[in-house]
Amino acid sequence: MIKQKILVAEDSPAQRLMLARQLKKWEYEVIEASDGAEGLTRFQVESPAIVITDLDMPVMDGIALIERIRALESSRTYIIVLSASGDKSTVVTALAHGADDYLVKPYHPDELHVRLSGAERVLRLQNQELLIFAMAQLVDIRSSETGAHLERVQFFCRRLAEELAGDDVSLGISASWISSLVSMSPLHDIGKIGIPDAILNKPGRLDPDEFEIMKDHVNIGVSVLSRIYERTRYAPFGFAIELIASHHEKWDGSGYPNGLSGKEIPLSGRIVALADVYDAISSQRVYKPAFPRDECRRIILEGSGSHFDPALVGIFDRIEDELWSVVERLRDSHD
Numbered sequence: 217m218i219k220q221k222i223l224v225a226e227d228s229p230a231q232r233l234m235l236a237r238q239l240k241k242w243e244y245e246v247i248e249a250s251d252g253a254e255g256l257t258r259f260q261v262e263s264p265a266i267v268i269t270d271l272d273m274p275v276m277d278g279i280a281l282i283e284r285i286r287a288l289e290s291s292r293t294y295i296i297v298l299s300a301s302g303d304k305s306t307v308v309t310a311l312a313h314g315a316d317d318y319l320v321k322p323y324h325p326d327e328l329h330v331r332l333s334g335a336e337r338v339l340r341l342q343n344q345e346l347l348i349f350a351m352a353q354l355v356d357i358r359s360s361e362t363g364a365h366l367e368r369v370q371f372f373c374r375r376l377a378e379e380l381a382g383d384d385v386s387l388g389i390s391a392s393w394i395s396s397l398v399s400m401s402p403l404h405d406i407g408k409i410g411i412p413d414a415i416l417n418k419p420g421r422l423d424p425d426e427f428e429i430m431k432d433h434v435n436i437g438v439s440v441l442s443r444i445y446e447r448t449r450y451a452p453f454g455f456a457i458e459l460i461a462s463h464h465e466k467w468d469g470s471g472y473p474n475g476l477s478g479k480e481i482p483l484s485g486r487i488v489a490l491a492d493v494y495d496a497i498s499s500q501r502v503y504k505p506a507f508p509r510d511e512c513r514r515i516i517l518e519g520s521g522s523h524f525d526p527a528l529v530g531i532f533d534r535i536e537d538e539l540w541s542v543v544e545r546l547r548d549s550h551d
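Every position in the sequence shown, counted from 1, becomes a number in the working numbering once 216 is added.
Dropping the structure here:
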């Protein structure tokens, strides 16, 4: 079975042939280019998942090729540099311009094979993140929202978590934990896919019966992700289940579905709760206009100790300028 498509940009015919033969032996589909300019053309036509490039090439060198690939908005390509230079400054320059990995010639085939296996793991994770975002956008499309809503919530979650990690090291918030929070946060309302359109898009306040139906989106979301997790055992989906289940809980115990309070509520749910409410009040929704900045700030601050974790509200107040700038920059077209 053919694996990923790989573009090889190498000006030496002998080295290009040797590398291509090795890659084909490992069942990769290989596209060859003799310089950076040809490599860029082949990249745009063939859309390879992985690029292996030399640095010192005619017409367009490897650094320029890397820059041009990274400038393409749709590019999520994994780039490996193969170079005869092992000079530290050369390595740093290549990585700073967008390379993902660097291998010095001559290299052992086994080392390249290991690097390619790592590249495939990264690409799988990227594809899973794209799938997650696409799943979440299905809900936004049905509820007349945009992908900007998901991007804003991701940003709010990241900044709240980063600041909390610095404020309280005893929480042990790691970079990987923050990464999981950010990548899984778009799924917080995935259960709304099972809510009737008439309720999801009602242009006014829900009545008590309708609100009970709407609340069920939490259980639907947990059920959907639990089934996916059972089949894939993809650890971040377990993280997603936790934040889906808890992002409507409130600090004082008046939330749903389980009436958790205080630190009984998982940290992921506490962060998403504040991020989601802030986005909801600062954006136009089918049932309300976007609130002014001062009103949004007041609502969050007044929710300290009742709706929200007081520590997170303190962080919100400290970085509110930064958060509001994202509200304005990523504003929905109808706001």
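Even glycine gets a Cβ: it sits at the ideal position worked out from N, Cα and C.
How long is the line joining the alpha carbons of residue i and residue j, rounded to whole angstroms?
i, j, result
"residue 379", "residue 319", "36 Å"
"residue 383", "residue 341", "30 Å"
"residue 258", "residue 223", "8 Å"
"residue 426", "residue 537", "36 Å"
"residue 459", "residue 500", "24 Å"
"residue 479", "residue 293", "41 Å"
"residue 276", "residue 231", "18 Å"
"residue 506", "residue 471", "24 Å"
"residue 301", "residue 531", "46 Å"
"residue 394", "residue 314", "23 Å"
"residue 244", "residue 296", "15 Å"
"residue 369", "residue 255", "38 Å"
"residue 534", "residue 511", "16 Å"
"residue 227", "residue 237", "16 Å"
"residue 424", "residue 513", "28 Å"
"residue 477", "residue 239", "56 Å"
"residue 229", "residue 374", "47 Å"
Can you have a look at residue i and say buried or exposed, based on whether 16 or more other CB atoms are within 10 angstroms of its CB?
i, result
"residue 494", "buried"
"residue 541", "exposed"
"residue 411", "buried"
"residue 398", "buried"
"residue 386", "exposed"
"residue 421", "exposed"
Determine the closest residue to residue i out of the options, with distance taken between C-alpha atoms.
i, options, result
"residue 265", "250, 246, 251", "246"
"residue 435", "375, 456, 448, 451", "456"
"residue 523", "535, 475, 372", "475"
"residue 545", "388, 229, 367", "367"
"residue 569", "263, 321, 481, 437", "This structure cannot speak to residue 569, because the chain is shown only from 217 to 551."
"residue 225", "239, 241, 237, 269", "269"
"residue 271", "310, 237, 504", "310"
"residue 448", "312, 236, 248, 344", "344"
"residue 376", "477, 221, 525, 242", "525"
"residue 516", "405, 502, 492", "492"
"residue 253", "284, 323, 304", "284"
"residue 241", "219, 306, 428, 321", "219"
Quick test of your reading: residue i and residue j, contact by CB under 8 Å. State the CB separation rounded to the nearest angstrom.
i, j, result
"residue 234", "residue 251", "Rounded, the Cβ-Cβ distance is 18 Å, inconsistent with contact."
"residue 490", "residue 539", "Incorrect: roughly 10 Å between the Cβ atoms, too far for contact."
"residue 390", "residue 452", "Wrong, their Cβ atoms sit about 14 Å apart, outside the cutoff."
"residue 403", "residue 351", "7 Å"
"residue 348", "residue 400", "7 Å"
"residue 405", "residue 355", "6 Å"
| query | So, do the region 277–288 and the region 320–327 have three or more beta carbon pairs nearer to each other than 8 Å? | reply | Result no; under three Cβ-Cβ pairs closer than 8 Å.
| said: Would the region 434–447 count as touching the region 415–422 if we require 3 or more Cβ pairs under 8 Å? | reply: No, the region 434–447 is not in contact with the region 415–422.
| Three or more C-beta pairs below 8 Å linking the region 456–470 and the region 481–488 | Touching, yes, given that three or more Cβ pairs across the two stretches are closer than 8 Å.
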